[in-house]
Each structure stands twice: as structure tokens, then as C-alpha cells.
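**Q**
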Amino acid sequence: MRKKIYWIEGDGIGPEIWRAARPVIDAALAKESDLRLDWQELLAGEKAVAETGSPLPEASLDALRGADIAMKGPLGTPVGTGIRSLNVALRQGLDLYACIRPVRHFEGLETPVKHPERVDMVIFRENTEDVYAGVEFAAGTPEARKLIAFLRDELGVTKVGEAAAVGIKPMTEAGSKRLVRRALRYALDNGRESLTLVHKGNIMKFTEGAFRQWGYDVAAQEFGDRTCTEKEPAPGRLVVKDRIADAMFQEALLRPEQYQVLATPNLNGDYISDALAAQVGGLGLAPGVNMSDSLAFFEATHGTAPTIAGQDKANPGSVILCGALLMEHLGLPRAAERIRAAVGKAIAAKSVTVDLAAQVSGARVVGCAEFGDIIGA
Ligand code: NAD
1 MRKKIYWIEG DGIGPEIWRA ARPVIDAALA KESDLRLDWQ ELLAGEKAVA ETGSPLPEAS
61 LDALRGADIA MKGPLGTPVG TGIRSLNVAL RQGLDLYACI RPVRHFEGLE TPVKHPERVD
121 MVIFRENTED VYAGVEFAAG TPEARKLIAF LRDELGVTKV GEAAAVGIKP MTEAGSKRLV
181 RRALRYALDN GRESLTLVHK GNIMKFTEGA FRQWGYDVAA QEFGDRTCTE KEPAPGRLVV
241 KDRIADAMFQ EALLRPEQYQ VLATPNLNGD YISDALAAQV GGLGLAPGVN MSDSLAFFEA
301 THGTAPTIAG QDKANPGSVI LCGALLMEHL GLPRAAERIR AAVGKAIAAK SVTVDLAAQV
361 SGARVVGCAE FGDIIGA
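Residue numbers (UniProt numbering): 1 to 377.
In C-alpha cells form, the structure reads like this:
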């Protein structure tokens, strides 16, 4: 049996981490299943500019619109193309509204948390709204001045200074609820104990506060017989709770075992996913998937790491662990576990890439290609 999967190589360290990662993913699949992946490359980023003149060719977007699975390496932000960020363009163009990042510790990696073995969280970050919607106007531009005049003259808001830059933070009921709905389904299907809504509703009452309320609403209205709240606990049910984002950072460090699934608006989610990745080995070991209702788009969550690109120093772990998420998505948990176990074994053997070396006592530093070979062995 064969299954088509689109892939985008990515910029910077993209080519080298792919070369190291793909054989590991294919080999794990071959050992656990008859399924084989037909990798079909799509162009984006610098390679696409070189071949087509555009950093995000319409042909790539079209193929992805009809796809159910795809994977990508990191993409740089193209300068002078009018595109703010290729990743944001992909997320919005394909309506990849949920960014899902699991955070789990590998034994042998020193971390800033006392009990890393207790860290086992999955973050669901809303991916298309909030300040990332890109509605932002530079200070002094006619658009910013017009908005400021509208606020002052029509709405009586006088505290926005004439010379201010202005950004808008749109958050909708539908957008918030579909993210929380997906997180609730995941938590229930995977027997997790709690789901936490992470928000800044104490300050931004009508955006983040509404996210919190919509989250509780969707839990009560659509999953009421399987969920409960912290105030009214019910045995055997998923506890839905909420935390203010700044307090959540502290909680994640001090009491990680009390949190299993986090659902959060875009900006909080961006911060917290990188911070939690740092608890368990850093960005080089942080896989993720962006999902629409039809497409699961797996991605290395770090950037192009330009200062180490082309030097065989990058950690391919993030893409390799994306392979584990892909296997789970394809209903192949044994292949997923095989990949995770292989990464764990490589770390335990203490031959690791330079980014991990400071966290593994007595480490021998190896290059990207060798680390891939060790994981795949
Ligand atoms: P970055 O993630 O590229 O780098 C941050 C730090 O982590 C650097 O020290 C880098 O060397 C290190 N690092 C990252 N990945 C690593 C890996 N696999 N192995 C070892 N070390 C690794 O972030 P940045 O420098 O802010 O961004 C560089 C470019 O990447 C920018 O153009 C940015 O827009 C883009 N970016 C893309 C994505 C994405 O495609 N999802 C995400 C973030 C940033």
C-alpha cells in the first residue's frame, strides 16, 4: 500500500535535516507496516524563488489544498516580497487553524524543571486569528491616522495617541470554539485528565476573556456528559479549567503534572510552546502539526537557524519526531513509538548534536547526518 505525502524541504538547515530525517521515518514505517510513503516535493521558500520567482507558488498551495498529509522544513521570512511570513501565509491560506505541539521529556536530558518525567503536555494553539491576523498599521501612516481618528471621533476613545502604531486583535466565537473543540476531542479520545484554557482575560476581557467563556461553552454544550469543571468535579470526567497566561508559565515550571492539554489563543500559544520545548530539550526536539479540517501539515517548529546552516550542526530531531506524529495520525502507534524510542536511545547513548550537548553530561558531539544515522540504526 502506498500513500502520497507532500513535503517542502525548507530554507537554511532544511536540506540537511531532511537528509537525516527521512530515512529514519521511512525505516520505522517499513518495520511496522506495509504502508509506504510516496514523498512528493513541493516548492516554497528560497528554492521556489530560484525556480519560479515566487516564494509560495500557487501550484504548491493548490496541491496542499487537495492533500490530507504533508510535512515541511523551516521557511525563512522572504525580504522584499510583500509576504510578512511564509508560515503565516500557509496557515492562513490553508486554514490550518490548530497548531498542535506535544511536549515530552527524554531521559538523560538535563532540564530546568525538577521533575521532567512529569512533563507530558499537548498544546493546542489557535493559528489564524489574534494579533497574527496581520491587521497592523505603521505609526504615522494614513491608515493608522484614519483608524485613530475613527476611534476618537466615532467611539470616543481618546487615549490612542495621534502618532501611535495600531494593531488589531480579532478573535471570533467560531474560530475559538473550533480550536477548543479539537483539543477537547483529543483530550477525551486519549484519556487525558484535564484541559486548561490559557488566556489573558483579566486584561483583554472581550477577546481573551471571550475565548475563555467560549471554551467553557463548547465543553458544556457539546461534551457536557463527559466533562466537568474544577469547581464542580465529577469522577471519571475530563476536568476543564482555565489559567491566566502569565500564571500558566509559572505553573508549567512548578507543577507540570497538573496540566495535560492546553488550549490557547495564538500569541499565548506561540510563547508557551517554545518555553515548554525548552523544558524538554529545546527547539531541536520539538515537533508540531498544523491542522485544518482536511489537512495535517507536520512541521519542524524551529526556524531556519541561518548561523549554523550548511555546517552539519543542526539537530534533525524535530523533523524525525514529526515522523512520530505522522505515524500516530496514520493510526500506526507502534511505528510512532519506534521513532520516539530511537531518539531516546540515541540521547541515552550520549552522542548528540551540539545544541543538546550542554544538556547531556559526558556528551560526544556529532553532526546532523551522524545523529540521524545513530537514531536510525
Ligand atoms: P531559529 O529557530 O531558526 O533559531 C533559534 C536558535 O535555535 C538559534 O540559535 C538556532 O541556531 C537554534 N536552532 C534552531 N533549530 C535548530 C536545530 N534544528 N538544531 C540546532 N539548533 C537549532 O529562529 P530565528 O533565528 O528566530 O529565525 C530564523 C528564520 O527562521 C527567520 O527567517 C524566521 O522567520 C524563520 N522561522 C521559521 C519558522 C518555521 O518555518 N516554522 C519558525 C521560526 C522561525
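Every residue, glycine too, gets a C-beta built ideally from N, C-alpha and C.
The structure presented is a predicted model; accordingly, all values stated were derived computationally and were not measured.
Here's a check: name, in chain order, each residue in its chain whose Cβ is nearer than 6 Å to the Cβ of E46, leaving out the five neighbours to either side.
**A** Same-chain partners within the cutoff: D11.
**Q** In or out: V157 buried (at least 16 other Cβ within 10 Å) or exposed?
**A** Exposed is the call here.
**Q** Would you say the beta carbon of I13 is closer than 8 Å to some non-hydrogen atom of ligand 1?
**A** It does: the Cβ of I13 is within 8 Å (strictly closer) of some heavy atom of ligand 1.
**Q** For the beta strand (DSSP E) containing P102, list its first residue and its last residue.
**A** Unbroken beta strand (DSSP E) run through P102: 98-104.
**Q** Throw me the rounded Cβ distance for the F124 and L179 pair, which I believe falls under 8 Å.
**A** Yes, they are in contact, since the Cβ atoms of F124 and L179 sit about 6 Å apart, within 8 Å.
**Q** Compare the Cα-Cα distances from A44 to each of L56, D34, D38 and report the closest residue.
**A** Ranking the options by Cα distance to A44, first place goes to L56.
**Q** Considering only the beta carbon of each residue, do A324 and P287 sit closer than 9 Å?
**A** Cβ atoms of A324 and P287: closer than 9 Å.
**Q** Who are the near neighbours of R340 in its chain, counting only those whose CB is closer than 6 Å to its CB and skipping five residues on each side?
**A** Here the set comprises A324.
**Q** Should K3 be counted as a contact of ligand 1 given a C-beta to heavy atom distance under 8 Å?
**A** The answer is no for K3.
**Q** With H, G and I counted as helix, E and B as strand and the rest as coil, what does DSSP make of F206?
**A** Coil, per DSSP.
**Q** Please go through the region 134-201 and give each complete alpha helix (DSSP H) segment of 4 or more residues, from N-terminal end onward.
**A** Fully enclosed alpha helix (DSSP H) runs of 4 or longer: 142-155, 173-189.
**Q** Which ranges does the alpha helix (DSSP H) cover as unbroken runs of at least 4 residues, wholly within the region 244-291, from first to last along the chain?
**A** Runs found: 245-254, 266-279.
**Q** Helix, strand or coil: which one does DSSP assign to D293?
**A** Of the three classes helix, strand and coil, the one that applies to D293 here is coil, per DSSP.
**Q** Under a three-way DSSP split, which group does V239 fall into?
**A** Correct three-state label for V239: strand.
**Q** Looking only at C-alpha atoms, which of V88, D312, G134, V280 sits nearest to K114?
**A** Here the closest residue by C-alpha is V280.
**Q** Using 8 Å for Cβ pairs, my map puts L262 next to F223. What's the rounded Cβ distance?
**A** About 17 Å separates the two Cβ atoms, so there is no contact after all.
**Q** Give every residue of the same chain whose Cβ lies closer than 6 Å to the Cβ of V352, excluding the five residues on either side of it in the sequence, and list them in chain order.
**A** The answer, listed in chain order, is V360, A363.
**Q** Does at least one heavy atom of ligand 1 sit under 8 Å from the Cβ of E9?
**A** Not so, every heavy atom of ligand 1 lies at least 8 Å from the Cβ.
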